[in-house]
Each structure stands twice: as structure tokens, then as C-alpha cells.
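Notes follow once the structure below has been shown.
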Amino acid sequence: MALNWGDLVKDAGEAGSFDALPDGDYDLKVIDASAAISGSGKQMYKIKAEVQTGAYAKRLVWDNLVISPDSSTALGFFFRKMKALGLPQEFFQTSPTNDQIVSALRNRPFRGTLGKKTFNGTVSNEIKVYHAVGSTTPSFTPAAAAPVYAAPPAPAPAPAPAPAPAPAPAPVYAAPAAAVAPAPAVESPWLAQADVNVTNAPPAPPF
């Protein structure tokens, strides 16, 4: 069967390139994983991830997830990366075998922040930051503490209404003084006697 090399090259697109991808965030999926021993004798898990979206879809990146029992910081990085890949610490507390870990890693989607590294004069990509799907917080570095904002001051309470003036006391009306009846006139006994005397006096003699 004759091959149309032009169409094949076109279909391969960016996937046929081995140049390092530009730095940035990419939607990735683990398409293969394996257990291995590092050059320093440490257990590690090698993953091959494929870009899922955008102009660089189908491009591949690789990473080695190394277990370093002698470094708590390195162990923290390892478990945070695994958590972003969907394998939290609860998974490892079940004491999984290497085969179980490798099987669990395959087909895991995640987001990765890609950077570049140079080895023996060759520039290649490395996954600098792992993100859980749907998250933009780096999985292997502590999330920055949220800034603490002082609560806005409470609005000043409305001034209390001025107390209503006390009602004026009801006027006290004194009962009108009872009319004092005039004392009955007392006839002077002298006047009465005079009247009697005048009345009973004999008529004056004629001149």
C-alpha cells in the first residue's frame, strides 16, 4: 500500500516534533507508567504523559516520581504530585504494590505546568508543577495563604432619638373659695334702744 507521506506529516502535526514545548499550563493524561529504580537506588515511577488539547495536542512529556525516604520535603513533593494524579495518601496507606500503583497511574488526567531543562546540551520539557484536574493551585507547593483583610468597620449606630419632652404637669386648679356670706348685721343694742325711746317718747308740747 502506497503511503501519502504528506498527509501523514500533516496528521502528525506538532506530535511529530521533538522540540521542547513552550512554558505554560497544559491538559495532560498519563498514557503509560512503570516502576523503576533511580541511579541513586531509590524507588521511582516513570510516567509518559500526552497533551490533550490545543495546538500541541498529542505531544509527549515525561517525568520521574522519585521516593526519597531521607528527605521529608522530597516526600512531600512526591505525595502532592501523586494526589494531583488522583492517588491521595489514603491510597498509599493501603500498602499498594508497585503493579497496583502503576496500574492506578495509567489514564489519569491532570494539568501540568511545563518548564525546560538542559541535559547534555539537549533542551527538553519537565513538569514543574502538578495540578489536580479543575484546579489552578499547584499541587506540590503549599498554596499561598489568602491575604487577611480586616473586616470593614461596623457602621456607626444611628443616633438614638432624642427623648420626648416630659409632658407638662397638668395645671392644678384650686377650687374656688366658697363665697363667704356676709355676717348678719347685728343691730346695736344702743340703736335699738334709741329707736324704742324715740317711738315711745311723748309728743313734744305745742308752743
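For what it's worth, the numbering used here labels the leading residue of the sequence shown as 1117, then goes sequentially. Ideal Cβ placement from N, Cα and C applies to all residues, glycine included.
{"Asked": "For LEU1176, which three-state DSSP category applies?", "Found": "strand"}
{"Asked": "Would you list the residues sitting across from ILE1153 in a DSSP beta bridge?", "Found": "GLN1159"}
{"Asked": "Can you find at least 3 beta carbon pairs, one from the region 1149-1158 and one from the region 1179-1191, that sit closer than 8 angstroms?", "Found": "yes"}
{"Asked": "Whole angstroms is fine: what's the gap from ALA1151's alpha carbon to GLY1170's?", "Found": "30 angstroms"}
{"Asked": "Could you give the DSSP three-state label for LEU1191: helix, strand or coil?", "Found": "helix"}
{"Asked": "Do the region 1204-1211 and the region 1142-1151 meet, that is, are 3 or more Cβ pairs less than 8 angstroms apart?", "Found": "no"}
{"Asked": "Just verifying my parser: in three-state terms, what is the DSSP assignment at ILE1147?", "Found": "strand"}
{"Asked": "Check the C-beta distance from LYS1244 over to LEU1221 and give it rounded, since I have them as a contact under 8 angstroms.", "Found": "Not quite, the Cβ-Cβ distance comes to about 19 angstroms (not below 8 angstroms), so this is no contact."}
{"Asked": "How far does the alpha helix (DSSP H) with ASN1214 in it extend, from its first residue to its last?", "Found": "1214-1221"}
{"Asked": "Once DSSP output is grouped into helix, strand and coil, what is the label at ARG1196?", "Found": "helix"}
{"Asked": "Quick one: give me the first and last residue of the alpha helix (DSSP H) that PHE1208 is part of.", "Found": "1205-1208"}
{"Asked": "Should ASN1120 go down as buried or exposed, given a rule of 16 or more other Cβ atoms within 10 Å for buried?", "Found": "exposed"}
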